[in-house]
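Its first residue numbered 25, the sequence shown is counted upward by one per residue in my numbering. Where is the CB? At the ideal position from N, CA and C, for every residue including glycine. Accompanying notes for the structure given below.
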Amino acid sequence: MANRTDALFRDDAYLRTADATVVAVNDRGGIILDRTIFYATSGGQPGDTGYLERGDGSRIVIAATLTGETKDEIIHVPAPEQAVPQPGEALRLAIDWERRHLLMRMHAACHLLTVVCPFPITGASVSEDDSRVDFDAPDAGFTKEDVTAGLMDLVRADHPIFVRLISDEDLAANPGLVKSKNVRPPVGTGKIRLVCIGDNASVDSQPCGGTHVKSTAEVGEIHIGKIEKKGRENRRFRIRFGPMPASLV
Ligand SMILES: [Zn+2]
25 MANRTDALFR DDAYLRTADA TVVAVNDRGG IILDRTIFYA TSGGQPGDTG YLERGDGSRI
85 VIAATLTGET KDEIIHVPAP EQAVPQPGEA LRLAIDWERR HLLMRMHAAC HLLTVVCPFP
145 ITGASVSEDD SRVDFDAPDA GFTKEDVTAG LMDLVRADHP IFVRLISDED LAANPGLVKS
205 KNVRPPVGTG KIRLVCIGDN ASVDSQPCGG THVKSTAEVG EIHIGKIEKK GRENRRFRIR
265 FGPMPASLV
């Protein structure tokens, strides 16, 4: 039977450490805790890395975090040759915060891109230095420069980014909230997590289970590195950190 892990990062993406208790260690060595700050790979955002500190101060290095049999079960995957904790053991959790914060900035940047380019999303992948969003979009004449300028306007405006929980009924009444073409948010759990941008969600709102920074200014300087054509209708946008490299034209 699958366990249910209390996902602390859903309420506070800024938790870098926490205390938890081992619930189980599965037959592949994956560690299941009663609660965690480790985000598990999903929605295009990679899971966290970090370590679990034991009572004697030794550390179990975590190389990946995944969901288990259900989305509510979070599995901490140790690096090779780590010690195995016992069920009931208390551990101190620490994520690789530097990496996670980059992922939070990038993930929020992907949301900003969907504001600047309001087309149906067919895929997305977040990483520390390069993220991509695929859109079902004909060539509408957008350039890297135009889209970058639109993104940076949103960053400079320093809009708040926050979570609002809505009901399945609210979502059914507002189908336009969902920009994903292929992925539907899970319904039937009663509550859907909307990630909102701007005062009273004036800029955007979108169902999402990932982790994001708390304001658009915290995304920092970003640019569109590339717009690739993926088939007749599909365009892949690559977001990178830093200013746009000077054109060689
Ligand atoms: Zn998101």
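Sub-8 Å separation of T45 and G147 beta-carbons: Not closer than 8 Å, so no.
Cβ pair V219, V187 closer than 8 Å: Closer than 8 Å, so yes.
Residue burial classification, E69 (beta-carbon count within 10 angstroms, cutoff 16): Reading off the sequence, residue 69 comes out as Gln, not Glu. Buried, since its Cβ has 16 or more Cβ neighbours within 10 Å.
Selection from Y75, R260, P199 that minimises the alpha carbon distance to D345: The requested residue 345 does not occur in the structure, where the chain is confined to residues 25 to 273.
heavy atom of ligand 1 below 7 Å from C220 C-beta: Because no heavy atom of ligand 1 lies under 7 Å away, the Cβ of C220 does not count as near it: no.
Ligand 3 heavy atom lying under 7 Å from the CB of G234: No copy of ligand 3 appears in this structure; the ligands present are ligand 1.
Any non-hydrogen atom of ligand 1 within 7 Å of H135 CB: Yes.
Of the residues T41, I61, I84, the one placed nearest A107, counting alpha carbons only: Ranking T41, I61, I84 by Cα distance to A107 puts I84 first.
8 Å contact criterion, which I86 and V171 should meet: CB distance rounded: The C-beta distance from I86 to V171 rounds to 36 Å, too long to meet the 8 Å contact threshold.
At least 3 beta-carbon pairs within less than 8 Å: the stretch 175-194 vs the stretch 222-241: Segments in contact, yes.
Distance between T73 and W121 (C-alpha atoms, nearest Å): Each residue's alpha carbon lies about 9 Å from the other.
Short Cβ contact (8 Å threshold) for P144 with D163: Not a contact, by the Cβ cut-off of 8 Å.
Residue span of the alpha helix (DSSP H) that contains K168, given as start and end: If you look at K168, you'll find it in the alpha helix (DSSP H) that goes 168-180.
Per-residue burial, T94 [other beta carbons within 10 Å of its own, 16 or more giving buried]: Here T94 is exposed, its C-beta having fewer than 16 other C-beta atoms within 10 Å.
Cβ-based neighbour list, A114, same chain, cut-off 7 Å, excluding 5 preceding and 5 following: Shown here for A114: same chain residues with a beta carbon closer than 7 Å to its own, the five before and five after excluded, namely D43, T45, G79 in chain order.
Chain D contact for V85 (CB, 8 Å cutoff): Absence of chain D from the displayed structure is noted, only one protein chain being present.
Residue range of the beta strand (DSSP E) that includes H247: Per DSSP, H247 belongs to the beta strand (DSSP E) from 246-253.
Through-space distance from D177 to P199, alpha-carbon basis: Their backbone Cα atoms lie some 27 Å apart in a straight line.
D96 and R34 closer than 8 Å at C-beta: Taking 8 Å as the Cβ cut-off, D96 and R34 do not qualify as a contacting pair.
Through-space distance from I263 to A181, alpha-carbon basis: Rounded to the nearest angstrom, the two C-alpha atoms are 19 Å apart.
Residues that DSSP places opposite Q230 in a beta bridge: DSSP lists V219 as the beta-bridge partner residues of Q230.
P102 classed as buried or exposed, judged by whether at least 16 other C-beta atoms fall within 10 angstroms: P102 should be labelled buried.
Unbroken beta strand (DSSP E) run spanning L76, endpoints: Following the DSSP letters along the chain, one finds L76 inside the beta strand (DSSP E) bounded by residues 74-77.
Limits of the alpha helix (DSSP H) - the one that A133 falls within: Here the alpha helix (DSSP H) through A133 covers 121-140.
Sequence-distant residues of the same chain with beta carbon closer than 7 Å to S149, five excluded per side: Counting only Cβ-Cβ distances below 7 Å, and skipping sequence neighbours, we find G68, S155, R156.
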